[in-house]
Ligand SMILES: Cc1ncc(C[n+]2csc(CCOP(=O)(O)OP(=O)(O)O)c2C)c(N)n1
Ligand SMILES: [Mg+2]
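In the numbering used here, the protein residues as written are 4 to 901.
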């Protein structure tokens with residue numbers, strides 16, 4: 004076989020001996036069978052390893068538990084009490100969802116996900132997850148979004164939530180409700196990590212674990228006691244983000260990370276791998292990537308059967324059975340399992356002949372076996388050198404009865420009849436707690452919670468006290484306060500660059516360096532780049548700030564003789580993530596939420612190719628808003644025409660539109676260095692100062708060089724509010740107008756102003772529009788106030804007040820879609836005409852692109868004249884003359900659709 008071809012490239016020192024070994028093995032296969040041969044091979048490999056013979060790891064192991072019964076850690080808890088607690092939690096979780104869906108206005112929710120994973124969570128809560136008492140940061144626990152009902156039910160049992168709150172599950176308006184899923188934005192004192200968009204929890208958890216190491220290596224926080232736990236669905240493993248960073252986790256030896264994959268073999272529509280075995284597939288992936296894998300497939304009552312499986316028929320059957328069949332078995336009954344799993348092979352049939360159908364039916368999956376799960380977690384926290392994934396096999400909808408367990412529709416079942424509830428109650432042995440009458444037809448099924456002094460509650464609370472307090476819980480109190488910088492790092496940008504031509508990207512990089520150099524504040528700066536540092540001119544920072552590398556730099560870099568050489572270091576500050584915007588964003592996420600998750604505010608600046616930001620990792624950005632992230636996102640090489648040459652897939656003309664859809668994102672499109680600096684300075688104080696608002700900032704940065712003007716006097720807070728007058732109109736003109744520019748469109752605006760004054764008698768004021776989003780939001784709140792206060796004097800939005808004195812049409816020009824300035828169109832006094840870069844980009848020079856997209860100075864002039872003509876102030880012929888004069892072909896196709 005080709006894959007073992009290496010063997011034939013090595014000399015065989017003793018072919019005769021080789022032959023004898025092969026013959027011996029052949030004989031075993033012929034006489035002892037395949038299973039025996041496999042067994043012997045496995046023992047040989049194990050023995051070779053014990054003698055330090057490096058045998059390459061195989062990527063998969065038999066379909067058995069990784070931990071043999073005799074090596075299971077001793078379970079230290081009170082099993083009976085924990086079982087009762089678990090049953091109460093199961094009950095309340097189900098009842099909460101059922102009650103939410105009894106009313107005519109059924110509101111949804113999920114029963115089956117938690118039903119399959121209750122044991123997985125309960126072992127964690129009772130024995131492993133560390134809380135946050137006494138100012139400790141504790142563990143980071145990512146809960147599978149659809150398991151939220153179980154987490155509420157546990158908090159209820161702990162007396163952290165009450166019945167009224169459970170009855171407000173998914174009814175958040177008006178306050179006091181419980182969110183559908185983990186949303187820190189909506190329950191800021193409870194939920195910690197937003198996970199429900201599949202794939203985001205897993206990638207975030209990896210980067211959280213890595214970020215903890217970064218904090219530790221940089222001596223910013225002792226993270227050695229914090230473990231990251233991430234609970235995942237087996238269906239969720241198909242998301243590219245889920246698996247996207249697993250090799251990073253192994254490379255970084257993140258033994259502070261444990262994943263628990265709830266392998267209930269089902270996703271929303273049906274089986275995850277009906278024709279295969281998801282556990283085996285995942286095992287191979289994770290082992291291949293370098294993780295420790297612990298499979299928890301079979302419950303303890305399978306152990307005696309396996310112990311008797313001398314000829315390997317049971318293992319053979321287990322291995323050959325596909326997940327679709329396993330699912331079917333759990334949706335049938337004991338007799339069916341006897342007939343179809345054990346039955347076809349007389350040896351297997353004999354193996355269970357002493358067992359009743361009920362006993363066969365009770366053969367459990369490992370993920371529902373409390374002791375096995377405990378042993379797996381114990382092993383996971385003790386294993387060193389690599390992250391651990393626990394693959395726990397469960398039944399979707401477990402305990403919820405035959406109409407729900409393992410059914411294809413189970414994910415979406417949210418109602419149970421009173422009969423179904425009765426049998427759930429019996430299954431959970433809560434007959435004494437919930438009498439039959441309570442479940443009579445037409446009655447609302449009751450919750451059950453013992454009083455605080457009951458042994459169950461006492462035990463539960465004692466366990467949590469021993470583990471440093473309840474979870475989930477947010478935020479961690481401020482443990483290491485942040486000292487904000489004075490104006491020093493920002494000051495130089497106010498003076499402008501004189502005749503030196505620079506870009507806003509260069510200015511930002513310089514600002515970043517200034518901030519990182521600040522003695523008190525500097526260490527909190529986290530510069531993050533995907534593989535684009537050089538594109539943004541940040542390679543200059545590699546040497547000074549150094550790139551974080553957990554193992555330091557084990558080689559002399561090729562450019563070591565250069566002043567600005569490539570420098571990796573264990574206490575490096577820059578996170579150079581490689582080509583993974585999702586990974587870089589996940590690092591930003593960890594840093595941007597450190598204020599709440601670790602009580603150590605960090606200030607991340609993630610600079611990316613603006614095209615590959617919002618549209619590539621927009622869902623992570625959205626979730627970051629949910630997580631109450633604070634920090635800066637920088638979309639560099641921005642602009643449909645400013646990024647010349649790169650073409651359709653690179654030129655971004657719409658990230659400002661996408662940013663405007665994120666409620667807590669403050670999106671800015673600065674033109675000048677002093678604007679960029681002012682926005683960052685303001686943002687720092689707004690997010691990390693007394694206001695402490697949970698928002699984040701997006702700034703587009705460009706690579707066009709021009710002399711940066713000094714900051715004009717008297718512009719007040721216009722840069723931050725989104726608009727200010729940058730230059731007055733030339734005096735003595737017949738007509739008046741205003742041109743609003745953003746980003747590098749400033750150049751076209753300035754040229755147009757001169758042209759209009761010189762040739763057309765139009766005095767145009769120039770305004771810098773740094774943020775249409777900010778303007779729009781202020782205007783919307785004013786509009787709302789007016790709508791709801793009819794008796795009061797109406798208020799005017801800032802943009803209306805600011806532009807009122809213009810006394811002529813307003814033309815806006817941007818390197819983004821016309822939709823960006825259009826955000827404020829209805830509040831602009833007078834005629835408003837936006838120019839923007841609608842359509843796909845293409846490769847060409849800036850000049851050609853700006854002409855093509857109709858955002859160059861000539862098109863601005865024509866737009867101003869056309870607006871004046873529409874107002875009857877200039878003749879239409881003047882517009883036509885200008886069009887002809889500038890050589891504009893009015894018959895060219897519209898770039899928007901061409
Ligand atoms: C990105 C994304 N796509 C789709 C969904 C809708 N969705 C919610 S749960 C689910 C199935 C989950 O299956 P699995 O991960 O196996 O979890 P289980 O409930 O079986 O534990 C889907 C498709 C989502 N929440 N996020
Ligand atoms: Mg599943």
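No residue lacks a Cβ here, since even glycine has one placed at the ideal position from N, Cα and C.
I'd like to confirm something about residue 333: is its beta-carbon nearer than 8 Å to some heavy atom of ligand 2, or not?
Within the chain shown, numbered from 1, the residue matching residue 333 stands at position 330. No.
Buried or exposed: residue 4, going by 16 or more other Cβ atoms within 10 Å of its Cβ?
The residue you call residue 4 lines up with position 1 of the chain shown. Because the pLDDT at residue 4 is just 42, under 50, the model does not fix this residue reliably, and the value given afterwards should be weighed accordingly. Counting Cβ neighbours within 10 Å, residue 4 comes out exposed, since fewer than 16 surround it.
Between residue 368 and ligand 4, is the CB less than 8 Å from at least one heavy atom?
Among the ligands modelled here, namely ligand 1 and ligand 2, ligand 4 does not occur.
Could you give the residue range of the alpha helix (DSSP H) that holds residue 775?
One-based indexing of the chain shown puts residue 775 at position 772. Unbroken alpha helix (DSSP H) run through residue 775: 775 to 791.
Going by DSSP in three states, residue 55 sits in which element: helix, strand or coil?
Working through the chain shown from its first residue, we reach residue 55 at position 52. Residue 55 falls in the coil class under three-state DSSP.
Rounded to the nearest angstrom, what separates residue 753 and residue 759 at their Cα positions?
Here residue 753 refers to the residue found at position 750 of the chain shown. Here residue 759 refers to the residue found at position 756 of the chain shown. Approximately 10 Å, taken between the alpha carbons.
Given the structure, does residue 237 come close to ligand 2, in the sense that its CB is under 8 Å from one of the ligand's heavy atoms?
For the purposes of this step, residue 237 is identified with residue 234 of the chain shown, where counting begins at 1. Yes, the Cβ of residue 237 comes within 8 Å of a heavy atom of ligand 2.
Where do the N-terminal and C-terminal ends of the beta strand (DSSP E) with residue 703 fall, by residue?
Start at 1 with the first residue of the chain shown, and residue 703 comes out as number 700. Start and end: 699 to 703.
In the DSSP assignment, find the unbroken beta strand (DSSP E) run with residue 669 in it and report its ends.
As a working mapping, residue 669 is identified with position 666 in the chain shown. Its beta strand (DSSP E) spans residues 668 to 671.
The alpha helix (DSSP H) that contains residue 364, what's its start and end?
By one-based count along the chain shown, residue 364 stands at place 361. It spans 360 to 364 - the alpha helix (DSSP H) in which residue 364 sits, taken as one unbroken run.
DSSP state of residue 635, grouped into three classes?
One-based indexing of the chain shown puts residue 635 at position 632. In the structure shown, residue 635 sits in a strand (DSSP, three-state: E or B).
Can you look up residue 5 in the DSSP assignment and give me helix, strand or coil?
Your numbering for residue 5 matches position 2 in the chain shown. Reliability of the predicted coordinates at residue 5 is poor, the pLDDT of 49 falling under 50, and the value obtained from them is presented with this limitation in mind. If DSSP states are grouped into helix, strand and coil, residue 5 belongs with the helices.
Taking its Cβ as the centre, do 16 or more other Cβ atoms sit within 10 Å of residue 746, making it buried, or is it exposed?
Sequence index remark: in the chain shown, residue 746 carries index 743 (1-based). Flag for residue 746 reads buried.
What is the DSSP secondary structure of residue 298, counted as helix, strand or coil?
Working through the chain shown from its first residue, we reach residue 298 at position 295. Residue state, collapsed to three classes: strand.
Here's the rule I'm using: 16 or more other beta-carbon atoms within 10 Å means buried, otherwise exposed. How should residue 9 be labelled?
By one-based count along the chain shown, residue 9 stands at place 6. When all chains shown are included, residue 9 counts as exposed.
Ligand 1 heavy atoms versus the CB of residue 202: any closer than 8 Å?
The residue you call residue 202 lines up with position 199 of the chain shown. Indeed, a heavy atom of ligand 1 lies less than 8 Å from the Cβ.
Just the Cα atoms here: how many angstroms apart are residue 649 and residue 852?
The residue labelled residue 649 in the question sits at position 646 within the chain shown. The residue labelled residue 852 in the question sits at position 849 within the chain shown. When rounded, the distance between both Cα atoms is 11 Å.
Once you ignore the five residues that flank residue 312 on each side, which residues in its own chain have a CB closer than 8 Å to its CB?
As a working mapping, residue 312 is identified with position 309 in the chain shown. So the qualifying residues of the chain are 318, 354.
Can you pull the DSSP bridge partners for residue 444?
If you number the chain shown from 1, residue 444 lands on position 441. Answer by DSSP bridge pairing: none, since residue 444 is not bridged.
Does the pairing of the segment 449 to 461 with the segment 109 to 118 give three or more beta-carbon distances under 8 Å?
No, the segment 449 to 461 does not touch the segment 109 to 118.
Ligand 1 and residue 409: does any heavy atom of the ligand fall closer than 8 Å to the residue's C-beta?
Within the chain shown, residue 409 is the residue found at index 406, counting from 1. The answer is no for residue 409.
Check whether the segment 236 to 250 touches the segment 169 to 184, taking contact to mean three or more Cβ pairs, one atom from each stretch, closer than 8 Å.
The answer is no - the segment 169 to 184 does not touch the segment 236 to 250, with fewer than three Cβ pairs under 8 Å.
What would DSSP say about residue 853, mapped onto helix, strand or coil?
The count along the chain shown starts at 1 and reaches residue 853 at position 850. If DSSP states are grouped into helix, strand and coil, residue 853 belongs with the helices.
According to the Cβ coordinates, are residue 844 and residue 661 closer than 9 Å?
Position 841 of the chain shown, counted from the start, is the residue given in the question as residue 844. Position 658 of the chain shown, counted from the start, is the residue given in the question as residue 661. Cβ atoms of residue 844 and residue 661: not closer than 9 Å.
Tell me, please, whether the CB atom of residue 576 is closer than 9 Å to any CB atom in chain C?
Checking the listed chains, one finds no chain C in this structure; it contains a single protein chain.
Which ranges would you report for the beta strand (DSSP E) in the segment 600 to 651 if only whole runs of at least 3 residues count?
The qualifying runs are 606 to 612, 635 to 639.
Given 8 Å as the limit, tell me if residue 116 has its C-beta closer than that to any heavy atom belonging to ligand 1.
Against the chain shown, residue 116 aligns to sequence position 113. Result yes, Cβ under 8 Å from ligand 1.
Suppose only complete runs of 4+ residues qualify. What are the alpha helix (DSSP H) ranges in the segment 203 to 252, listed by chain order?
Segments of the alpha helix (DSSP H) lying fully in the segment 203 to 252: 203 to 220, 243 to 247.
On a Cα-Cα basis, can you pick out the residue from 137, 640, 262, 765 that is closest to residue 672?
Residue mapping note: residue 672 aligns to position 669 of the chain shown, counting from 1. Checked all of 137, 640, 262, 765; the closest Cα to residue 672 is 640.
Taking DSSP as the reference, what is the three-state secondary structure of residue 196?
Within the chain shown, numbered from 1, the residue matching residue 196 stands at position 193. Coil.
Along the chain, where does the beta strand (DSSP E) containing residue 738 start, and where does it finish?
Against the chain shown, residue 738 aligns to sequence position 735. Where residue 738 is concerned, the enclosing beta strand (DSSP E) stretches over 738 to 744.
Span of the alpha helix (DSSP H) holding residue 159?
Numbered from its first residue, the chain shown carries residue 159 at position 156. Counting along the chain, the alpha helix (DSSP H) containing residue 159 begins and ends at 151 to 160.
Determine, using beta carbons only, whether residue 510 and residue 547 come nearer to each other than 9 Å.
The count along the chain shown starts at 1 and reaches residue 510 at position 507. The count along the chain shown starts at 1 and reaches residue 547 at position 544. Contact flag unset, no.
Buried or exposed for residue 830, please, with buried defined as at least 16 other CB atoms from any protein chain shown within 10 angstroms of its CB.
Your numbering for residue 830 matches position 827 in the chain shown. Under this definition residue 830 is a buried residue.
Taking residue 93 as the reference, give the member of 430, 784, 539, 735 with the closest Cα.
Taking the chain shown and counting its residues from 1, one reaches residue 93 at position 90. Nearest option by C-alpha distance: 430.
Could you check whether residue 741 and residue 813 sit closer than 9 Å to each other, using their CB atoms as the reference points?
Along the chain shown, read from residue 1 onward, the residue named residue 813 stands at position 810. Along the chain shown, read from residue 1 onward, the residue named residue 741 stands at position 738. Yes, Cβ-Cβ distance for residue 813 and residue 741 is below 9 Å.
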